[in-house]
Every structure is written in C-alpha cells, then in structure tokens.
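Per our numbering, residue 690 is the first one in the sequence shown, and the count goes up by one each step.
Glycine included, each C-beta is placed from N, C-alpha and C at the ideal position.
Note that the structure is a prediction, hence the values are computed from the model and not measured.
Data first, discussion second: the structure below is written as structure tokens.
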Amino acid sequence: MFEYRDVGADKRTDGSLAAVDRAAQLDDLRARMAGIQGQVGAEARTPRSATDVIAVGGGLGEVLPDGGLARGSVVNCTGGGYVLLGLLAAATGAGQSAAVVGAPRLGLLAFEEMGGDLARLAHIPDPGPDPLSIVAVLVEGISIVVLAADGTALPSRSRAVVARVRSHGAVLVVTSPGWMRPDVRVESRVAGYVGLNKGRGRLQAVHLDVRVIGRGSPRTARLALAGTGGGRLCWTQRVEAAPAPLTQTG
C-alpha cells in the first residue's frame, strides 16, 4: 500500500518554489501507480465491456447485481464504512487493485480482517482541493477507485470522468451524491450488534440492513459481519429476519 503526498510539499518548505505545477503532481501519481503489484495499469489499457463484473464473494456479493461490481460503472455507497470496506476487501483479496481518495480514518485493520490485500490498496487521505483530478488519473490503471470526499462538480466535468471510467473498465465508488449520477446505489445501516449487553461484553457480530438500487427491482437483505477465528471477518446473509425498509439517500 502507498499513501500519496503532494509532491510539492517538501519544496515549498524551503521556499524554493511557491507552487508546484498540478500536472507534475499527477505525473508523480501515475508513476506511483505503476509500482503497485507489477504495473496494474496494464490490465486497463484495453477497454472492457460494462457487463464484465468484479466478483464479490459471500453474503455481500449475493445482494449485488450479477454478484459483484460491473466494470465501467459508478456506484454510490452510503451508510457507513462496513460495506465499503467489504467491497474493497473482496476485490483486492481476489487480486484486483483498489484506491481510496479521501477517508483519512479509513479502517485498514477491518479491511485486512475482511480478507483485503494491503499491497493492492492505494490510499490518498488528503487529495487536496481537487480530488476529482486524482480520481481521473487513478481510473486509468486501477480496478476500483473510491472517492470518499464531499463535493460537487460541473456536469461537463463529471461526464468526462464517467467516460474515462467506462473506457478503462474501472469501477468508481462515490460516498457523496454530489459528484455524479450513479448506476447503482448501495445503502446500508446498522441493525444491531451481537455480544454486547448494556455496554459490556465482546462484540461478536454486526448486523446490517443493505439495499441495492440498480437494474430491476431494489434488493434488500440483512447481512451479518462476524468473526470466523484467527482475526478474520466474514459476510453472511441473515435470511430469517426481514429487514425494515431503508430511507432512500442521495
């Protein structure tokens, strides 16, 4: 895993440069991308069909269209970090590359416990005032890019980024509805905890109500994220309890 830092930061501290050209920063980011697991950008140079799916295993994948994330799509994921980390863990654990732009308090321990591969995850906790420009570079060579920052963009700019996502066969996950219109919305909320009693005990599982809105009718399920031993977490679907409807967001 690498964390990207503004390449001009060190130069500005000694006063040699008042500002660094934005293009130089993006060129540096492209160079860093090439070092993730043997130049992952090679896998995205040939445009892929939007029907090609990055599979997500377990109960989380069962509620997603086609059992995963369609390449060339934009996904809006809201309701906390459990589901987002689960998607990233499933993808990197299966050999895909991923990047998160924003989210300075990203739960890396939970990500690894869900089976995620830290070597295949790039994290840019502080992308600066224009995170969309970072995203536009990352989708050229990384399978799943998460934009976890609030903000908006002009429709013309959003369309340009979406076109790049589709042409490179990437998946763009946004946590704020302001950036662009998603193809799929994944909403979640915590439904309860197992193992805690009046503030005491050891947490054994988290139950979440998840709703996916995309092609066809919305899918709703109650999922459990529970430990399996050895410091690992697993997603399963709780079919015995029908979840309450979620309030639509975004």
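- The closest CA to that of residue 718, considering only 790, 839, 765, 927, is found on 790.
- Beyond the five residues adjoining it in sequence on each side, residue 917 comes within less than 8 Å, by CB distance, of 923 in the same chain, given in chain order.
- Less than 8 Å divides the Cβ of residue 898 from the Cβ of residue 911.
- Exposed is the label assigned to residue 893, since fewer than 16 other Cβ atoms lie within 10 Å of its Cβ.
- Residue 840 sits in coil when the DSSP states are folded into three classes, being neither helix nor strand.
- Listed as beta-bridge partners of residue 918 by DSSP are 921.
- The DSSP-derived three-state label of residue 791 is strand.
- A distance of 8 Å or more separates the beta carbons of residue 757 and residue 772.
- Of the candidates 804, 785, 768, 871, 804 places its Cα closest to the Cα of residue 915.
- For residue 864, no beta strand (DSSP E) encloses it, and the DSSP letter there is neither H nor E.
- In the DSSP annotation of this structure, the continuous segment of the alpha helix (DSSP H) that includes residue 749 starts and ends at 747-751.
- Apart from sequence neighbours up to five positions away, the residues of its chain that approach residue 862 with a beta-carbon distance below 6 Å are 764, 766, 835, ordered along the chain.
- By the neighbour-count criterion, in which 16 or more other beta carbons inside 10 Å mark a residue as buried, residue 871 falls on the buried side.
- Pairing residue 806 with residue 781 gives a Cβ-Cβ distance under 8 Å.
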